[in-house]
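Numbering (our numbering), first residue to last: 1497 to 1813.
Just below is one structure, and these are the notes that go with it.
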């Protein structure tokens, strides 16, 4: 049976609001959540993008049951993997047994800000593999010195380590990245019900490991209202292919999203109050091999979605 979780959207809310959303998700009965890690939002209309590690600290203090993971952090350019190792270890110590680290190859939108070159995906995958290896090595304790192809670590020791180290789940889209996730990850994270990605993950060591899928929805009292909200706040969801990894500024996403219509966004986002459509989409993920589906409610009306989820979604799973 697939397990249902909640997506905490850092691009749409202020830090304290994100903490409150996590508290409400726990109260609603969601057993876990993933929180996005961005420097920029995709669209100016989204309006926010706080530092995720500060928000995680707030969530750690306000929740007691909710499992939380980053969905996802890119430990390759913007933040050195040694710092991610420290941040994740601290978070896991604050949330014993209920924090995991989700990692991925990132997006130009967030990673270009330090002025470093934005490499092609093949290089980013190599960087991610090395970064994950560094994180795991630092979590072993003691002084570590690493001279890698992309990163150097000199006499670094993490003094605060949790009793139980967090799992590392790897984001992937497509068979090639699915294989990498199987090789280096404790689980898979993806954003569409793509069976090929799951099979590639399983074939490279991911068999029997958890597979998380993000499902984007917009609950509202009517389908028309939901479409309008989804287009306003999440129009980039209909941008095809790898373009979303390459655009550098929210304004570029805004310009591209102007070509998206309400009907087009409804092809990427489940819109409206009909619970059957939500269950159909969850089934698509389950049929593709996903063990976990975490739901991202687009827009400001999180409370309406929580009531809907308590009544129509969570009791079924």
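C-beta: ideal position from N, C-alpha, C; glycine also.
The model shown is predicted, which means the values in this text are computed figures rather than measured ones.
Going by DSSP in three states, residue i sits in which element: helix, strand or coil?
{"i": "residue 1641", "result": "strand"}
{"i": "residue 1758", "result": "helix"}
{"i": "residue 1749", "result": "helix"}
{"i": "residue 1613", "result": "coil"}
{"i": "residue 1765", "result": "coil"}
{"i": "residue 1794", "result": "coil"}
{"i": "residue 1575", "result": "coil"}
{"i": "residue 1735", "result": "coil"}
{"i": "residue 1510", "result": "coil"}
{"i": "residue 1582", "result": "helix"}
{"i": "residue 1703", "result": "coil"}
{"i": "residue 1540", "result": "coil"}
{"i": "residue 1636", "result": "coil"}
{"i": "residue 1554", "result": "helix"}
{"i": "residue 1624", "result": "helix"}
{"i": "residue 1523", "result": "helix"}
{"i": "residue 1591", "result": "coil"}
{"i": "residue 1744", "result": "coil"}
{"i": "residue 1659", "result": "coil"}
{"i": "residue 1810", "result": "helix"}
With DSSP as the reference, please indicate the residues paired to residue i in a beta bridge.
{"i": "residue 1648", "result": "1643"}
{"i": "residue 1788", "result": "1499, 1708"}
{"i": "residue 1570", "result": "Its beta-bridge partners do not exist; DSSP assigns none."}
{"i": "residue 1713", "result": "1766, 1793"}
{"i": "residue 1504", "result": "1531"}
Got a sec? Which residues, its chain only, sit under 8 angstroms from residue i by beta carbon, not counting five neighbours each side?
{"i": "residue 1766", "result": "1711, 1712, 1713, 1714, 1773, 1774, 1777"}
{"i": "residue 1621", "result": "1601, 1672, 1673, 1676"}
{"i": "residue 1797", "result": "1715, 1716, 1725"}
{"i": "residue 1728", "result": "1541, 1795"}
Can you tell me where the beta strand (DSSP E) holding residue i begins and where it ends?
{"i": "residue 1530", "result": "1528-1531"}
{"i": "residue 1562", "result": "From DSSP, residue 1562 is part of no beta strand (DSSP E); its letter is neither H nor E."}
{"i": "residue 1686", "result": "1683-1686"}
{"i": "residue 1665", "result": "1664-1667"}
Leaving aside the five residues before and after residue i along the sequence, list all residues of the same chain whose C-beta is less than 7 angstroms from its C-beta, in chain order.
{"i": "residue 1691", "result": "1784, 1785"}
{"i": "residue 1760", "result": "1734"}
{"i": "residue 1574", "result": "1535, 1606, 1607, 1609, 1610"}
{"i": "residue 1812", "result": "1775"}
{"i": "residue 1555", "result": "1515, 1518, 1564"}
{"i": "residue 1586", "result": "1656"}
Would you kindly report the start and end of the unbroken alpha helix (DSSP H) that includes residue i?
{"i": "residue 1599", "result": "Where residue 1599 is concerned, there is no enclosing alpha helix (DSSP H), although the beta strand (DSSP E) it sits in stretches over 1595-1599."}
{"i": "residue 1691", "result": "1691-1697"}
{"i": "residue 1546", "result": "First-last for residue 1546: undefined, no H or E at that position."}
{"i": "residue 1780", "result": "1771-1783"}
{"i": "residue 1674", "result": "1671-1680"}
{"i": "residue 1723", "result": "1719-1730"}
{"i": "residue 1605", "result": "1604-1607"}
Please return the same chain residues whose Cβ sits closer than 6 angstroms to the Cβ of residue i, not counting the five positions on each side in sequence.
{"i": "residue 1687", "result": "1710"}
{"i": "residue 1604", "result": "1614, 1742, 1744"}
{"i": "residue 1768", "result": "1719, 1722"}
{"i": "residue 1588", "result": "1595, 1658, 1662"}
{"i": "residue 1521", "result": "1502, 1529"}
{"i": "residue 1584", "result": "1597, 1662"}
{"i": "residue 1652", "result": "1578, 1640"}
Taking contact to mean 3 or more Cβ pairs, one atom from each stretch, closer than 8 angstroms, check whether the segment 1516-1527 and the segment 1721-1731 are in contact. Of all C-beta pairs linking the segment 1516-1527 to the segment 1721-1731, fewer than three are shorter than 8 angstroms, placing the two stretches out of contact.
Is the segment 1803-1813 touching the segment 1735-1751, taking contact as three or more C-beta pairs under 8 angstroms? Contact between the segment 1803-1813 and the segment 1735-1751 is absent: fewer than three C-beta pairs spanning the two stretches fall below 8 angstroms.
Are the segment 1556-1565 and the segment 1518-1538 touching by the rule of at least three beta carbon pairs closer than 8 angstroms? Cβ pair count under 8 angstroms is three or more, so yes.
State whether the segment 1678-1685 contacts the segment 1660-1667, with contact taken as three or more CB pairs (one from each stretch) at a distance under 8 angstroms. The segment 1678-1685, when compared against the segment 1660-1667, does touch it at the 8 angstroms Cβ threshold.
Under 8 angstroms, with one C-beta from each stretch per pair, do the segment 1632-1651 and the segment 1573-1584 reach the 3-pair mark? When Cβ pairs closer than 8 angstroms are counted between the two stretches, the segment 1632-1651 is seen to touch the segment 1573-1584, the count reaching three or more.
Tell me whether the segment 1543-1563 and the segment 1632-1639 touch, counting them as touching only if at least three CB pairs, one residue from each stretch, are closer than 8 angstroms. Under the three-pair Cβ rule at 8 angstroms, the segment 1543-1563 does not count as touching the segment 1632-1639.
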